[in-house]
Every structure is written in structure tokens, then in C-alpha cells.
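K.L.:
Attaching a single structure in C-alpha cells format; questions to follow.
Numbering (full-length UniProt numbering), first residue to last: 1 to 180.
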């Protein structure tokens, strides 16, 4: 099971100066019709949208991003992930419909990182890895931050996202989208 505590990730991969996105999360959650996990909200506040070692992208909600932000944003990636699941995915006992998927990241090998939005507690949502070639999504314990920490520290191996980086050998580096 992954953790939702961001302290380990902050120690392993300090956010760059001036990173982070801010805004009105009530507006974001109203636009999406859901609450976001607290670890994700804290990640976005500290890191913002960007990339880890040019291998993993993390999205921030479009409602927090300026017009010149990279596209497709979180909403566009969620729509793409849902379409891919509808066309090529394999429903499982856990993932039954595309509407349960909300994308929060992607890998350099075109895997989508998402939540399975089941239940009333967003902090308990499992993390999904949707392979670019379809098939059954891989389901991991709750905690986007814990999932990222496990991947970039090398604790989760082999890498569940198909990235070619040798995670755990060098300290990971986060690059905010404005600096990239």
C-alpha cells in the first residue's frame, strides 16, 4: 500500500524554487464534479505541473493553469485515457468503466497514470497505470505521492510505467513546465 505523506518525496526530490500552482480548489473541484486526493493537492501546491527526469509528466488541473500551459492538459489527457480504455481496455473487477478514470500523469512511453475514482474518499483511490497498447489497467494502492516515490526511488521495480530511466541510481529531478 502506498502512502499519501509527501515528506519522503520532498526529501528525495526537492521541488525547484518557484514551482507549484495555486488557485481556488473549490472552483477546480466544482468543474470536475469531484474532490481531489489531499496528497495530489499538496503535490500541485509544491511542485506544480512538470516532468520528472523527462520520463514522467505530472499534470495540474486545467483550471489552475494559464493559457500558455502545455496541452493537452489534465482534462484532455483524462478524455484520451477514457477513450483508450473504451476502445482497447479490458474491464476488470476493479475498473469497470472509463468514467472512473481521471488522469494525473503520463510516462515517456505513453502510459497514462490515473486514479480509479471509486468510493467517497479520494485519498483511498487506487492509482492506475494504463498501457498505451490497451489491455487491463494495472492497479496500485492509494496514494499518488507514494506511487511516485516508489517509482523514482527504485523501490517499485521493475518500473510499472515502462520508462527507461534507471530509477534509484541518481536522485530524481523535477522540472516545472515553465522551466522546461
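All C-beta atoms in this analysis are idealised placements derived from N, C-alpha and C, irrespective of residue type, glycine included.
Since the model is a prediction, treat every value here as computed from it, not as a measurement.
So residue 116 and residue 101 are in contact, right, with Cβ under 8 Å, and what is the actual spacing, rounded?
P.N.:
In the chain shown, counting from the first residue as 1, residue 116 sits at position 116. In the chain shown, counting from the first residue as 1, residue 101 sits at position 101. Contact flag correct, Cβ pair sits at about 7 Å.
K.L.:
What separation, rounded to the nearest whole angstrom, lies between the Cα atoms of residue 129 and residue 11?
P.N.:
The count along the chain shown starts at 1 and reaches residue 129 at position 129. The count along the chain shown starts at 1 and reaches residue 11 at position 11. The straight-line gap from Cα to Cα measures roughly 25 Å.
K.L.:
Assign residue 18 to one of three DSSP states: helix, strand, or coil.
P.N.:
The count along the chain shown starts at 1 and reaches residue 18 at position 18. Of the three classes helix, strand and coil, the one that applies to residue 18 here is coil, per DSSP.
K.L.:
Quick one: what does DSSP say residue 119 is sitting in, helix, strand or coil?
P.N.:
Counting from 1 along the chain shown, the entry for residue 119 is found at position 119. In this structure, DSSP gives residue 119 a state outside helix and strand, which the three-state scheme calls coil.
K.L.:
In whole angstroms, what separates the C-alpha of residue 1 from that of residue 139?
P.N.:
Mapped onto the chain shown, residue 1 falls at position 1. Mapped onto the chain shown, residue 139 falls at position 139. Residue placement at residue 1 is poorly supported in this model, since its pLDDT is 42, which falls under 50; the coordinates still yield a value, given next. Going from the Cα of residue 1 to the Cα of residue 139 covers about 11 Å.
K.L.:
Can you tell me whether residue 45 is helix, strand or coil according to DSSP?
P.N.:
As a position in the chain shown, residue 45 is number 45, starting the count at 1. Note: residue 45 maps to helix in three-state DSSP.
K.L.:
Is residue 78 helix, strand or coil when you go by DSSP?
P.N.:
Numbered from its first residue, the chain shown carries residue 78 at position 78. Here residue 78 sits in helix by DSSP.
K.L.:
For a quick check, are the C-beta atoms of residue 57 and residue 51 less than 8 Å apart?
P.N.:
The residue labelled residue 57 in the question sits at position 57 within the chain shown. The residue labelled residue 51 in the question sits at position 51 within the chain shown. Against a cut-off of 8 Å, the Cβ pair of residue 51 and residue 57 comes out as a contact.
K.L.:
Under the assumption that residue 17 contacts residue 64 (Cβ atoms under 8 Å), give the Cβ distance between them as a whole number of angstroms.
P.N.:
Taking the first residue of the chain shown as 1, we reach residue 17 at position 17. Taking the first residue of the chain shown as 1, we reach residue 64 at position 64. In fact, because the Cβ distance is near 19 Å, the residues do not count as touching under 8 Å.
K.L.:
Could you say which of 59, 95, 96 and 137 lies nearest to residue 103 if we only look at CA atoms?
P.N.:
Stepping through the chain shown from its first residue, residue 103 is reached at position 103. It is 59.
K.L.:
Expressed to the nearest angstrom, what Euclidean distance is found between the alpha-carbon atoms of residue 156 and residue 127?
P.N.:
Locating residue 156 in the chain shown gives position 156, where the first residue counts as 1. Locating residue 127 in the chain shown gives position 127, where the first residue counts as 1. About 13 Å.
K.L.:
Which same chain residues end up closer than 8 Å to residue 6 when comparing Cβ atoms and leaving out the 5 residues on each side of it in sequence?
P.N.:
Start at 1 with the first residue of the chain shown, and residue 6 comes out as number 6. Answer for residue 6: 39, 42, 43, 46 and 145, listed in chain order.
K.L.:
How is residue 7 classed by DSSP in three states: helix, strand or coil?
P.N.:
If you number the chain shown from 1, residue 7 lands on position 7. Residue 7: helix per DSSP, three-state reduction.
K.L.:
Considering Cα atoms alone, identify which of 29, 143 and 24 is closest to residue 75.
P.N.:
Translated into positions along the chain shown, residue 75 becomes position 75. Distance from the Cα of residue 75 is smallest, within the candidate group 29, 143 and 24, for 29.
K.L.:
How many angstroms separate the CA atom of residue 151 from the CA atom of residue 171?
P.N.:
As a position in the chain shown, residue 151 is number 151, starting the count at 1. As a position in the chain shown, residue 171 is number 171, starting the count at 1. Looking at the two C-alpha atoms, the distance is approximately 12 Å.
K.L.:
Do you know offhand how far residue 9's Cα is from residue 82's?
P.N.:
Counting from 1 along the chain shown, the entry for residue 9 is found at position 9. Counting from 1 along the chain shown, the entry for residue 82 is found at position 82. If you take the alpha carbons of residue 9 and residue 82, they lie about 29 Å apart.
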